[in-house]
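Residue numbers (my numbering): 5 to 96.
Every residue gets a Cβ at the ideal spot worked out from N, C-alpha and C, and that includes glycine.
Model, not experiment: these values are computed from the prediction.
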């Protein structure tokens with residue numbers, strides 16, 4: 005139904021960026037030492053909704069994305085919709 009324009013379909017997901025270094029893997033020469041300097045400081049969380057046409061809505065916070073944040077953000081988003089809308093959330 006979203007392909008026909010009768011409804012809107014959004015996909016929701018959460019992510020973050022931070023100043024603390026994270027390297028899940030690395031390459032080095034056998035005798036080479038590796039040092040990654042980092043500073044544990046800021047972390048910015050983001051929750052966003054995006055549709056297949058790349059229309060997106062997002063909110064960032066330094067607070068956790070938790071059971072309080074999600075309904076508040078979703079309610080604010082609901083005031084912007086103009087037709088039946090489905091939001092598919094990732095529960096990871």
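Asked: When you compare each of 15, 19, 70, 9 to residue 60 by their alpha carbons, which one comes out closest?; Found: 15
Asked: Could you tell me which of 47, 12, 7 sits nearest to residue 54, measuring between CA atoms?; Found: 12
Asked: Ignoring anything shorter than 3 residues or poking outside the region 5 to 67, list the beta strand (DSSP E) runs there in chain order.; Found: 12 to 22, 47 to 54, 60 to 65
Asked: Alpha carbon to alpha carbon, what distance is there between residue 7 and residue 49?; Found: 31 Å
Asked: Give every residue of the same chain whose Cβ lies closer than 6 Å to the Cβ of residue 93, excluding the five residues on either side of it in the sequence, and list them in chain order.; Found: 16
Asked: For a quick check, are the C-beta atoms of residue 51 and residue 18 less than 8 Å apart?; Found: yes
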